[in-house]
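Engineer: Just dropping this structure here.
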Amino acid sequence: MTERLANRIKSERDKASLTQAALAELVGVSRKTINTVENGVFTPSALLAIKLAEALKVPVEELFWIER
Amino acid sequence: MMTAVDVAERRARYRAFGFLFLAALTCAVMVFVRTGRGTDFTQGLWFGLLLGCVLNLLPIKRWLRPRSEVMRLLDDEGTRANRQLSCTIGFWAAIIVALIFQLAAHFDPTIAAEEVGQLVATAGIVCAMTVFAILELRAAR
Numbered sequence: 740m741t742e743r744l745a746n747r748i749k750s751e752r753d754k755a756s757l758t759q760a761a762l763a764e765l766v767g768v769s770r771k772t773i774n775t776v777e778n779g780v781f782t783p784s785a786l787l788a789i790k791l792a793e794a795l796k797v798p799v800e801e802l803f804w805i806e807r
Numbered sequence: 066m067m068t069a070v071d072v073a074e075r076r077a078r079y080r081a082f083g084f085l086f087l088a089a090l091t092c093a094v095m096v097f098v099r100t101g102r103g104t105d106f107t108q109g110l111w112f113g114l115l116l117g118c119v120l121n122l123l124p125i126k127r128w129l130r131p132r133s134e135v136m137r138l139l140d141d142e143g144t145r146a147n148r149q150l151s152c153t154i155g156f157w158a159a160i161i162v163a164l165i166f167q168l169a170a171h172f173d174p175t176i177a178a179e180e181v182g183q184l185v186a187t188a189g190i191v192c193a194m195t196v197f198a199i200l201e202l203r204a205a206r
């Protein structure tokens, strides 16, 4: 059974009217890292996941969840 | 005005294209050397290029300028993951080429150690650099 970390970064980012670059600036990573996390290509560390949740002002468990 | 994120994005793209160019050049020089047209100069050029490739795969600029925001962004979590994956693929490419030569040596024992070393090293580094560049360019889309 495969598991993957799904997220709703794009919708939360749109709600907050932030571009990928603006979110990257807030979190302190490059835009391509935001892009790969958003598209599910790269699984972020717990540290980055919490930083993203803080920047988007949503609980981390609402931003990320395990998809089976 | 360009932010650090924009500058890092641009530099990451240049770095990826630079890696592809370096990998292609290293391959071309190796083919040149191995097809019997090699001189001491081309052998040295190949060695220099390979050394340059190895150094480029390491985050040396980050080590030299740890407080630079752009350097930090150029070696962030996503980039480190790409580097790790590309180095792993490079390692396996080198192992596969080494095993092929080990097998080939049974049929042709005259294969020179220098030739094997050159091909194994080139395969490993060129694969690692190409994969890193592709992953970086794909991430930036």
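Going down the list, the protein sequences come from chains U and V. Under our numbering, the first residue of the first sequence carries the number 740, and numbering increases by one thereafter. Under our numbering, the first residue of the second sequence carries the number 66, and numbering increases by one thereafter. Each residue gets a CB set at the ideal place from its N, CA and C atoms; glycine is no exception. Note that the structure is a prediction, hence the values are computed from the model and not measured.
What in chain U is Cβ-close to V:A77, meaning under 8 angstroms?
Structural biologist: The contacting residues are S769, K771.
Engineer: Residues in its own chain within less than 6 angstroms of V:L85 by CB, not counting five upstream and five downstream?
Structural biologist: Cβ within range, chain order: A198.
Engineer: Identify which residue in U:A788, U:F803, U:R770, U:L765 has its Cα closest to the Cα of V:A77.
Structural biologist: Per the Cα distances, U:R770.
Engineer: How long is the line joining the alpha carbons of V:V135 and V:L168, rounded to whole angstroms?
Structural biologist: So the two alpha carbons sit approximately 47 angstroms from each other.
Engineer: In this structure, how does DSSP classify V:I165 when only helix, strand and coil are distinguished?
Structural biologist: V:I165 falls in the helix class under three-state DSSP.
Engineer: Can you name the start and end residues of the beta strand (DSSP E) that V:R76 belongs to?
Structural biologist: No beta strand (DSSP E) contains V:R76, which is instead part of the alpha helix (DSSP H) from 69-97.
Engineer: Contact between the region 781-792 of chain U and the region 140-147 of chain V: three or more CB pairs below 8 angstroms?
Structural biologist: Yes, the region 781-792 of chain U touches the region 140-147 of chain V.
Engineer: What residues from chain U crowd round V:A205, counting only those whose CB sits closer than 8 angstroms?
Structural biologist: Neighbours of V:A205 on chain U, chain order: R770, K771, N774.
Engineer: Return helix, strand or coil for U:F781, following the three-state DSSP convention.
Structural biologist: Coil, per DSSP.
Engineer: Who does U:E806 pair with in a DSSP beta bridge?
Structural biologist: Its beta-bridge partners are U:R743.
Engineer: Please classify V:W111 as buried or exposed, where buried requires at least 16 neighbouring CB atoms within 10 angstroms.
Structural biologist: The residue in question, V:W111, is buried, as its Cβ has 16 or more Cβ neighbours within 10 Å.
Engineer: Could you give the DSSP three-state label for V:R130: helix, strand or coil?
Structural biologist: If DSSP states are grouped into helix, strand and coil, V:R130 belongs with coil.
Engineer: Taking the alpha helix (DSSP H) that V:M194 belongs to, which residues open and close that run?
Structural biologist: Where V:M194 is concerned, the enclosing alpha helix (DSSP H) stretches over 178-204.
Engineer: Taking C-beta to C-beta, are V:V202 and U:V768 nearer than 9 angstroms?
Structural biologist: Residue identity differs from the one stated: residue 202 of chain V is Leu in this sequence, not Val. No, the pair does not count as a contact, with Cβ atoms beyond the cut-off.
Engineer: Within the chosen definition, does the region 99-107 of chain V reach the region 792-804 of chain U through at least 3 CB pairs nearer than 8 angstroms?
Structural biologist: Touching, no, given that fewer than three Cβ pairs across the two stretches are closer than 8 angstroms.
Engineer: Should V:A93 go down as buried or exposed, given a rule of 16 or more other Cβ atoms within 10 Å for buried?
Structural biologist: The residue is exposed, with fewer than 16 neighbouring Cβ atoms inside 10 Å.
Engineer: If the cut is a Cβ gap below 9 angstroms, which residues of chain V does U:S784 touch?
Structural biologist: Residues of chain V passing the Cβ test: E142.
Engineer: Alpha carbon to alpha carbon, how far is V:T195 from U:I748? Give it in angstroms, no decimals.
Structural biologist: Straight-line Cα distance between these residues: approximately 30 angstroms.
Engineer: Using the C-alpha atoms, what's the distance from V:A204 back to U:V776?
Structural biologist: Roughly 9 angstroms separates the two Cα atoms.
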